[in-house]
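What follows is one structure encoded as structure tokens, with my remarks underneath.
In this note's numbering, the protein residues as written are 30 to 247.
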């Protein structure tokens, strides 16, 4: 039992170090030796748990996707307010990207490795599409194409991730990407939301504020 717990802790330490390396340097530049050094764990112990870089990247993507799916489930639990849920999910995912290296790494690895089974957008995009199909009947103005709103969400989150990388050095001095996306949604909803269905002051309210990664005990 003690050995199993120690092995689990070692895997978590290695995945966290790998996530930070993949997030910062990308898949091609990251090496097992760099991850080993950053984690403070021998290369032999690393390759015991993850024999190749692909195995380590797979594990990071799976964990980042799992963290994301947990957030998606919590944020979109109210079926009566689909457009609210789409907005809240966008903001929560931006918050998650900002705070959680495993999620940022999963997003970057999805692009660089193009492995469909661990594709980060697949953890949230189908839910956005489902919500928007419902919102067409309840909350969107007549004539608003749900596909355009879907594309907006994709671009907002892609832009949020890119900005986090470009402004890494000045991160402590700038406005959060969640705040920036909130301001953007204030503008957008004036054009797409049916009258009275989404008051501007309601943006972002009611979202869960607990540990974004759901990683208690790791």
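Idealized CB from N, CA, C, for every residue including glycine.
All values reported here derive from a predicted model rather than from experimental measurement.
Item to check | Residue nearest to residue 222 in terms of C-alpha spacing, selected from 163, 112, 67, 83 | outcome: 112
Item to check | Start and end residues, alpha helix (DSSP H) containing residue 59 | outcome: No alpha helix (DSSP H) contains residue 59, which DSSP labels as neither H nor E.
Item to check | Distance between residue 47 and residue 248 (C-alpha atoms, nearest Å) | outcome: With the chain represented from 30 up to 247, any question about residue 248 goes unanswered, as that position is not in the structure.
Item to check | Residues that DSSP places opposite residue 169 in a beta bridge | outcome: Beta-bridge annotation (DSSP): residue 169 is paired with 222.
Next on the checklist: Using 8 Å for Cβ pairs, my map puts residue 67 next to residue 50. What's the rounded Cβ distance?
Outcome noted: Residue 67 to residue 50, Cβ: 6 Å. Contact.
Checklist entry - What is the DSSP secondary structure of residue 188, counted as helix, strand or coil? => result helix
Next on the checklist: Would the segment 167 to 181 count as touching the segment 127 to 144 if we require 3 or more Cβ pairs under 8 Å?
Outcome noted: no
Item to check | Sub-8 Å separation of residue 89 and residue 131 beta-carbons | outcome: Contact flag set, yes.
Checklist entry - What is the DSSP secondary structure of residue 109, counted as helix, strand or coil? => result coil
Item to check | Outcome for residue 187 when other beta-carbon atoms lying within 10 angstroms are tallied against a minimum of 16 | outcome: exposed
Item to check | Distance between beta carbons of residue 44 and residue 92, contact taken as under 8 Å | outcome: 6 Å
Next on the checklist: Tell me the DSSP secondary structure of residue 158 in three-state form.
Outcome noted: helix
Checklist entry - What three-state label does DSSP hand residue 207 in the structure shown? => result helix
Checklist entry - Taking C-beta to C-beta, are residue 207 and residue 120 nearer than 8 Å? => result yes
Checklist entry - Do you know how far the Cα of residue 218 is from the Cα of residue 224? => result A straight-line Cα-Cα distance of about 10 Å links residue 224 and residue 218.
Item to check | Local conformation of residue 72 per DSSP, three classes | outcome: helix
Checklist entry - Would you say residue 72 and residue 61 are within 8 Å of each other, going by their C-beta atoms? => result yes
Checklist entry - Would residue 211 pass as a contact of residue 153 if the rule is Cβ separation under 8 Å? => result Cβ atoms of residue 211 and residue 153: not closer than 8 Å.
Checklist entry - Taking C-beta to C-beta, are residue 160 and residue 114 nearer than 8 Å? => result yes
Next on the checklist: Buried or exposed, going by whether 16 or more other CB atoms sit within 10 Å of the CB of residue 190?
Outcome noted: buried
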